[in-house]
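Asker: Here the sequence shown is numbered in our numbering, starting from 11 and rising by one per residue.
Would you mind keeping the following structure in view while I ask a few things?
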Amino acid sequence: MAERHLREEASQDQADKILIKQFSTKSEAETEDLGFRLGKMLKTGDVVALNGELGAGKTHFTSGVAKSIGISSHITSPTYTIVNEYTEGEVLLMHFDTYRLTCGDDLYDIGFDDYLARKGIIIIEWAENVDDALPENTIKVNIKRHDSEGENLRTIEIEFPEGDERNDSFGI
Ligand SMILES: Nc1ncnc2c1ncn2[C@@H]1O[C@H](COP(=O)(O)OP(=O)(O)O)[C@@H](O)[C@H]1O
Ligand SMILES: [Mg+2]
């Protein structure tokens, strides 16, 4: 059971009272499993921002989210098309990869307002590129590699917006 291998810590940032949950995973399956667990808590209108370098595990995390809402398609990064839509799950999933975008305006140029207005869940790889365009209620996920400690080790921080009650229940 992958969950056994997850180390979970909650660190309270006293300065701005934001609770960041930190996990570590040792395989792509564990990263998918964490995405699945987050996905189970998502609701229509949520935006998830994934930050992390190439090969960090953003797409595998997204696969877990997709599975949790009943999407069985193979998930790949929409690096050239920018967005893939999956309609076969319980909820519409809009999967962005903004690697090729340089700022929030680029995202609005491709109609991000319309995507936000649709009833679905939005998940964005390379979200740091379009940080200024993301809504306040965005859930932030930061994935980091630690190659000196093992090529499969990742730390994954999950930060819910302030006041979001899922802060209390996720990861317990
Ligand atoms: N703990 C881990 N979590 C996620 N991926 C891992 C992990 N350890 C090794 N990997 C490998 O790292 C790569 C991550 O790929 P991917 O999810 O496409 O990353 P990204 O979308 O961030 O570029 C895959 O080749 C995967 O097998
Ligand atoms: Mg990717």
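In this text, a Cβ means the ideal position worked out from N, Cα and C, and glycines have one as well.
As the structure is a prediction and not an experimental result, all values here were calculated from the model.
Flag K31 as yes when its Cβ comes closer than 7 Å to any non-hydrogen atom of ligand 2, and as no otherwise.
Answerer: K31 Cβ: outside cutoff for every heavy atom of ligand 2.
Asker: Quick check on A59: does DSSP put it in helix, strand or coil?
Answerer: strand
Asker: Of the residues D123, T148, F122, E135, which one's Cα is nearest the Cα of Y109?
Answerer: Among D123, T148, F122, E135, the Cα nearest to that of Y109 belongs to E135.
Asker: Taking 7 Å as the cut-off, is the C-beta of S78 nearer than that to any heavy atom in ligand 2?
Answerer: No, the Cβ of S78 stays beyond 7 Å of every heavy atom of ligand 2.
Asker: How far does the alpha helix (DSSP H) with E169 in it extend, from its first residue to its last?
Answerer: For E169, no alpha helix (DSSP H) segment is defined; the enclosing uninterrupted segment is the beta strand (DSSP E) at 164 to 169.
Asker: In this structure, does DSSP put Y109 in helix, strand or coil?
Answerer: coil
Asker: With a 10 Å radius around its C-beta and 16 neighbouring C-beta atoms as the bar for buried, classify E172 as buried or exposed.
Answerer: exposed
Asker: Compute the minimum distance between the beta carbon of I35 and the heavy atoms of ligand 1, and state whether it is under 7 Å.
Answerer: Residue identity check: residue 35 is Thr in the sequence provided, not Ile. Checking every heavy atom of ligand 1 against the Cβ of T35, one is found closer than 7 Å.
Asker: I need the DSSP call for N147, collapsed to helix, strand or coil.
Answerer: coil
Asker: List the endpoints of the continuous alpha helix (DSSP H) containing G114.
Answerer: 114 to 119
Asker: Please work out which residues of its chain come closer than 7 Å, Cβ to Cβ, to N94, disregarding the five sequence neighbours upstream and downstream, and give them in chain order.
Answerer: Contacts found: P88, H105.
Asker: Take I168 and list the residues in its own chain whose beta-carbon comes closer than 6 Å to its own, dropping the five residues that flank it on each side.
Answerer: K31, V151
Asker: Over the uninterrupted alpha helix (DSSP H) stretch that includes N177, give me the two end residues.
Answerer: 176 to 179
Asker: Quick one: Cα of D107 to Cα of I92, how far?
Answerer: Near 5 Å, if we compare the C-alpha coordinates of I92 and D107.
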